[in-house]
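Visitor: For the sequence shown, our numbering assigns the number 105 to the initial residue and increments by one for each residue that follows.
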Amino acid sequence: MAAVGAAGIATSMAQVYSVNAVGYVNKTIPANGFALISNPLTAATNTVNALFQPVPAGFQVFVYVGGTYQVATYDDLEGAYLPATAAKLEVKPGGGAFVKNPTAQPVTITFVGEVPQGTLTTPLVAGLQIVSSQVPQAGTAKDLGLVGSAGDQIFQWNVTTQKYDASTFDDLENNWLPALKSLDVGDAFFLKKVAAGSWTRTFNVNG
Numbered sequence: 105m106a107a108v109g110a111a112g113i114a115t116s117m118a119q120v121y122s123v124n125a126v127g128y129v130n131k132t133i134p135a136n137g138f139a140l141i142s143n144p145l146t147a148a149t150n151t152v153n154a155l156f157q158p159v160p161a162g163f164q165v166f167v168y169v170g171g172t173y174q175v176a177t178y179d180d181l182e183g184a185y186l187p188a189t190a191a192k193l194e195v196k197p198g199g200g201a202f203v204k205n206p207t208a209q210p211v212t213i214t215f216v217g218e219v220p221q222g223t224l225t226t227p228l229v230a231g232l233q234i235v236s237s238q239v240p241q242a243g244t245a246k247d248l249g250l251v252g253s254a255g256d257q258i259f260q261w262n263v264t265t266q267k268y269d270a271s272t273f274d275d276l277e278n279n280w281l282p283a284l285k286s287l288d289v290g291d292a293f294f295l296k297k298v299a300a301g302s303w304t305r306t307f308n309v310n311g
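Dropping the structure here:
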């Protein structure tokens, strides 16, 4: 479901050097189905209207804000998502959104931008939220640095069954039960935290 490509671009001026890793990620949304996806790269503009293009008429993006969904629907006559308030919402690395493909054919969305690097921290609130790894890598949430606390829950959307796969953190086992499924690059999931915290990881393309 995902393809990722990256190239390091190095520029120099005198003895000052900077390195940016840029790339792309393709996410395929199933026909007549939902997917829970992230924006895995930092784009120049991270709004719904800029990120989720091109798409067919009626394609929808559901951004979870303050416990409710803000829904943006693509209008092919306007060439933009409506309403404008939802279209302007940002989906940055570390977050995510539900998307709905209303057509009989799969839809592929290509994300283009910089790979997040350095010390990456995603604030986590008590309660329910959509989150994702800021590092565009595949693996379980635990593999990607998420630390669980007793009673925390993860709900991963299964695009095949169109249902959630749920896991709860067991502090006695020090693990998620049942075992977490692997996330593809660009996948997001619902996390229900017992108490506020953060998801922090340090990452650099060159190690």
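Even for Gly, the Cβ is constructed at its ideal location relative to N, Cα and C. No experiment lies behind these values; they were computed from the predicted model shown.
#1: What ranges does the alpha helix (DSSP H) occupy inside the stretch 123–169, keeping only unbroken runs of at least 4 residues that lie completely in it?
#2: CB-CB under 8 angstroms to residue 222, same chain, minus the five flanking residues each way: which ones, in chain order?
#3: Would you kindly work out how many angstroms separate the C-alpha atoms of residue 160 and residue 207, rounded to a whole number?
#4: Quick check on residue 291: buried or exposed, where buried means 16 or more other Cβ atoms within 10 Å of its Cβ?
#5: State buried or exposed for residue 288, treating a residue as buried only when at least 16 other CB atoms are found within 10 Å of its CB.
#6: Any idea what DSSP makes of residue 346, helix, strand or coil?
#7: Contact defined as beta carbons within less than 8 angstroms: I believe residue 230 pairs with residue 293. What is the distance between those atoms, to the nearest angstrom?
#8: Identify, in the order they occur along the chain, each residue of the same chain with its Cβ nearer than 8 angstroms to the Cβ of residue 189, setting aside the five sequence neighbours on each side.
#9: Compute the beta-carbon to beta-carbon distance between residue 150 and residue 143, rounded to the nearest angstrom, for a pair I have assumed lies under 8 angstroms.
#10: Using 10 angstroms around the beta-carbon of residue 240, count the other beta-carbons present and answer buried if the total reaches 16, otherwise exposed.
#11: Alpha carbons only, please: which of 158, 281, 163 and 146 is nearest the one belonging to residue 213?
#12: Would you give the residue range spanned by the alpha helix (DSSP H) that residue 189 belongs to?
#13: Going along the chain, which residues of its own chain have a beta-carbon closer than 7 angstroms to the beta-carbon of residue 259, five neighbours each way excluded?
#14: Output needed for residue 263: all residues of its chain with C-beta closer than 7 angstroms, excluding positions within five of it in sequence on either side, in chain order.
#15: Closer than 8 angstroms by C-beta to residue 253: which residues in its own chain qualify, once you throw out the five before and the five after it? Chain order, please.
#16: Would you identify the three-state DSSP class for residue 277, choosing helix, strand or coil?
#17: Which of the three DSSP states is assigned to residue 57 in this structure?
#18: On the CB-based measure, 16 or more other CB atoms within 10 Å of its CB, does residue 203 come out buried or exposed?
#19: When you compare only the Cα positions, how much space is there between residue 310 and residue 219?
#20: Which residue wins for smallest C-alpha separation from residue 255, given the options 278, 266 and 265?
#21: For residue 283, which of 247, 178, 266 and 303 has the nearest alpha-carbon?
Guide: Let's see:
#1: 152–155
#2: Numbered from 1 along the sequence shown, position 118 holds the residue referred to as residue 222. These residues qualify, in order along the chain: 306, 307 and 308.
#3: If you number the sequence shown from 1, residue 160 lands on position 56. If you number the sequence shown from 1, residue 207 lands on position 103. If I take the Cα positions, the gap works out to 8 angstroms.
#4: Locating residue 291 in the sequence shown gives position 187, counting from the first residue. When all chains shown are included, residue 291 counts as buried.
#5: By 1-based counting over the sequence shown, the position of residue 288 is 184. With 16 or more other Cβ atoms within 10 Å, it is buried.
#6: This structure gives no information on residue 346, because the portion of the chain shown stretches from 105 to 311.
#7: By 1-based counting over the sequence shown, the position of residue 230 is 126. By 1-based counting over the sequence shown, the position of residue 293 is 189. Rounded, the Cβ-Cβ distance is 17 angstroms, inconsistent with contact.
#8: Counted from its first residue, the sequence shown places residue 189 at position 85. Correct list, in chain order: 174.
#9: Counted from its first residue, the sequence shown places residue 150 at position 46. Counted from its first residue, the sequence shown places residue 143 at position 39. The pair is a contact, with the Cβ atoms about 6 angstroms apart (cut-off 8 angstroms).
#10: Here the question's residue 240 lines up with position 136 in the sequence shown. Classification for residue 240: buried.
#11: The residue given as residue 213 occupies position 109 in the sequence shown. Minimum Cα distance to residue 213 is reached at 158.
#12: Along the sequence shown, read from residue 1 onward, the residue named residue 189 stands at position 85. Element bounds for residue 189: 188–191.
#13: As a position in the sequence shown, residue 259 is number 155, starting the count at 1. Counting only Cβ-Cβ distances below 7 angstroms, and skipping sequence neighbours, we find 268, 270, 293 and 294.
#14: To locate residue 263, count along the sequence shown from 1; it is residue 159. 134, 137 and 139, listed in sequence order.
#15: The residue given as residue 253 occupies position 149 in the sequence shown. Contacts found: 273, 275, 297, 298, 299 and 301.
#16: Translated into the one-based positions of the sequence shown, residue 277 becomes position 173. Residue 277 falls in the coil class under three-state DSSP.
#17: Outside the shown range of the chain (105 to 311) lies residue 57, about which nothing can therefore be said.
#18: For the purposes of this step, residue 203 is taken as the residue at position 99 of the sequence shown. With 16 or more Cβ atoms within 10 Å of its Cβ, residue 203 is classed as buried.
#19: Here residue 310 is taken as the residue at index 206 of the sequence shown, counted from 1. Here residue 219 is taken as the residue at index 115 of the sequence shown, counted from 1. Near 12 angstroms, if we compare the C-alpha coordinates of residue 219 and residue 310.
#20: Stepping through the sequence shown from its first residue, residue 255 is reached at position 151. Nearest C-alpha to residue 255: 278.
#21: In the sequence shown, counting from the first residue as 1, residue 283 sits at position 179. Ranking 247, 178, 266 and 303 by Cα distance to residue 283 puts 247 first.
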